[in-house]
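Quick notes on the structure that follows.
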Amino acid sequence: MRVERVNFGSKLGIILATAGSAVGLGNVWRFPYMTGENGGAVFIIAYVVCILLLGIPGMVGEFIVGRHSQANAARAYASISSHRWWGFVGLLGIVTSSIILGFYAVVAGWCLHYLGVSIVGGLKGDTEAITAYFQQYSADPVKPAFMGIVFILITHFVIVRGVQRGIEKASKVLMPLLFLLLLVIVAASCSLPGAFQGVEFLFRPDFSKLSSRVFLEALGQAFFSLSLGTACLCTYASYFSRHTNLLRAASQIAFVDCLIAVLAGLMIFPAAFSVGVQPDSGPSLIFITLPNVFQQAFAAMPVVGQVISVMFYALLVFAALTSTISMHEIGTAFFHEELHLQRRHAAWIVTVACCVLSVFCSLSVGGFGGLQVMGMSLMDFCDFLTAQVMLPLGALLTSVLLGWFVRSRVLHDEFTNWGTLRGLWFPVYKFGVRYVVPICILLILMHLFGVI
Ligand code: PFF
């Protein structure tokens, strides 16, 4: 039985909702600390190369699978290939996105907490006090786990409102707001004394820092940031109309995603350099260094500092929400259509599973440091496993499927909207999806596992 499906209502809705999935903590939290840890400008160059070479063709590929089949991820992969086995790739995506939602909600919960604390003016004190505050908070067994659950529940309630009323409406409001907030903070950060050093760090490459590790991290970051390899784009594309130009949509979304990431860098590094904070302080960058930055940079005008800090954490919460919505939707659409459950019941399955994982992830960096896998906290392990292994694997299998097992006619029809577009880039896309994408990802995965 096929379940009645609703599509996105407008072109703008499509772009905003899909860009909303792509733009998230990956851009505003993960990208800056990855850039800080991997040498600044060279990391950005590697990241842009990965987006152009692998990201955009990968996105178009997932769009093709989703729109062609107009079904949840598992069914979409099975139906475009006419071989049930390929449904496994969709299932892999559903598992990957649920794992990401589990640990992502922890960081989103931290942001929610920091938003509350900055509203009541609680982020005060010297550097040690702010560091101690974060360490104490993240080590608390109850509070962060609770906030992670709250975040997943907020996501749940948007999801049960459905595609148009929930996802599309939320994205139309949140995305422009996010962009505006970002611009204001970038302007404030770049106008601080000594901010230029941060701009240099971001844009003047030091090629001696280029290494295979930088490329590995850039690949993981590019896929994570574009929500690629999780079947998320495939699920959203199943709500696209027949008139959506897939290549154009992918390029626009990749552009917006890069732009927001670079703006996030411009928001953080100039301010960090201005007050002498190290750029490579890792995942805690935005929770330990930034409150310091806001305080020191606006010491003469503490109210402005507080307003900027509230805006910053509000921005993070918005960005995270549009992404958690998309991760949640992948599983919800699957259970809704495959088990013939009502949407709200299907959504509960995902919500409960992700809440459980989220609590364990939160405990692994907090109360129960013993929750370790391969020498990493469960949270870091989930990040590593998804960004560096499962996402590239999902994208690799998708490109092998499209490049070698799907009829060229189907690809051409989807790429050109059944001949109504000229499709000048089709030969390039076909070559990319058949050779470039699979070979590059394979080499990178082999390198990761020490085969080469
Ligand atoms: N792209 C999101 C971000 O940058 O924050 C993260 C993400 C969303 C990953 C959806 C995977 C996914 F399915």
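Quick note: to get the working numbering, add 20 to the position in the sequence shown (first position is 1). We put the CB at the ideal spot given by N, CA and C, even for glycine. Model, not experiment: these values are computed from the prediction.
Can you list, in chain order, the residues of its chain with a C-beta nearer than 8 angstroms to that of residue i? Leave out the 5 residues immediately preceding and following it.
| i | result |
| --- | --- |
| residue 285 | 51, 52, 55, 64 and 222 |
| residue 246 | 42, 71, 75, 78, 79, 253, 273, 274 and 277 |
| residue 23 | Because the pLDDT of residue 23 is 47, which lies under 50, any placement of that residue in the model is unreliable, and the number read from its coordinates should be weighed accordingly. Contacts found: 356, 357 and 360. |
| residue 312 | 147, 150, 295 and 297 |
| residue 469 | none |
| residue 412 | 239, 240, 243, 249, 461, 464 and 465 |
| residue 32 | 192 |
What is the DSSP secondary structure of residue i, reduced to helix, strand or coil?
| i | result |
| --- | --- |
| residue 24 | Annotation note: pLDDT 49 at residue 24 (below 50); position unreliable, coordinate value reported separately. Of the three classes helix, strand and coil, the one that applies to residue 24 here is coil, per DSSP. |
| residue 295 | coil |
| residue 469 | coil |
| residue 392 | strand |
| residue 30 | coil |
| residue 397 | strand |
| residue 185 | helix |
| residue 463 | helix |
| residue 403 | helix |
| residue 77 | helix |
| residue 177 | helix |
| residue 240 | helix |
| residue 368 | helix |
| residue 168 | helix |
| residue 86 | helix |
| residue 437 | coil |
| residue 250 | coil |
| residue 384 | helix |
| residue 162 | coil |
| residue 408 | helix |
| residue 144 | coil |
| residue 363 | helix |
| residue 458 | helix |
Given residue i, which residues of its chain have a CB within under 6 angstroms of its CB, disregarding the five upstream and five downstream residues?
| i | result |
| --- | --- |
| residue 425 | 101 |
| residue 210 | 290 |
| residue 44 | 339, 340 and 343 |
| residue 66 | 234, 235 and 238 |
| residue 142 | none |
| residue 436 | 443 |
| residue 113 | 93, 250, 251 and 414 |
| residue 466 | 472 |
| residue 370 | 348, 351 and 352 |
| residue 119 | 402 and 406 |
Tell me where the alpha helix (DSSP H) around residue i begins and ends.
| i | result |
| --- | --- |
| residue 100 | 93–101 |
| residue 218 | 216–223 |
| residue 19 | Any property of residue 19 remains undetermined from this structure, which presents the chain solely from 21 to 472. |
| residue 333 | 322–358 |
| residue 202 | 189–210 |
| residue 130 | 107–139 |
| residue 156 | 147–159 |
| residue 319 | Counting along the chain, residue 319 falls outside any alpha helix (DSSP H), and DSSP gives it neither H nor E. |
| residue 418 | 411–420 |
| residue 449 | 446–451 |
Would you say residue i faces chain C, with C-beta separation under 9 angstroms as the test?
| i | result |
| --- | --- |
| residue 453 | Given the protein chain composition of this structure (a single chain), no chain C is represented. |
Which residues in the same chain as residue i place their Cβ atom closer than 7 angstroms to its Cβ, once the five residues preceding and following it in sequence are excluded?
| i | result |
| --- | --- |
| residue 126 | 164, 168, 378, 381, 382 and 399 |
| residue 89 | 95, 96, 99, 100 and 258 |
| residue 375 | 169 and 172 |
| residue 131 | 333, 336, 337 and 340 |
| residue 354 | 92, 93, 94 and 114 |
Next on the checklist: When you compare the region 94–113 with the region 271–280, are there three or more beta-carbon pairs, one atom per stretch, that lie closer than 8 angstroms?
Outcome noted: Contact check between the region 94–113 and the region 271–280: fewer than three CB pairs, one atom from each, fall below 8 angstroms, which does not count as touching.
Next on the checklist: Would the region 130–138 count as touching the region 314–332 if we require 3 or more Cβ pairs under 8 angstroms?
Outcome noted: The region 130–138 makes contact with the region 314–332; the number of CB pairs closer than 8 angstroms reaches 3 or more.
Checklist entry - Do the region 404–413 and the region 81–90 meet, that is, are 3 or more Cβ pairs less than 8 angstroms apart? => result They do not touch, by the three-pair rule.
Item to check | contact_flag[the region 448–465, the region 418–438] where n(CB pairs < 8 angstroms) is 3 or more | outcome: In short, these stretches touch, since the Cβ pair count reaches three.
Next on the checklist: Quick check on the DSSP output: what are the complete alpha helix (DSSP H) runs of length 4 or more inside the region 255–310, in order along the chain?
Outcome noted: Counting only runs of 4 or more, we get 266–294.
Item to check | Given 8 angstroms, three or more beta-carbon pairs between the region 428–446 and the region 199–210 | outcome: Taking 8 angstroms as the limit for Cβ pairs, the verdict is that the region 199–210 does not touch the region 428–446.
Item to check | Within the region 41–70, ranges of the alpha helix (DSSP H) (whole runs, at least 4 residues) | outcome: If we require 4 residues or more, the alpha helix (DSSP H) runs fully inside the region 41–70 come out as 51–57 and 61–70.
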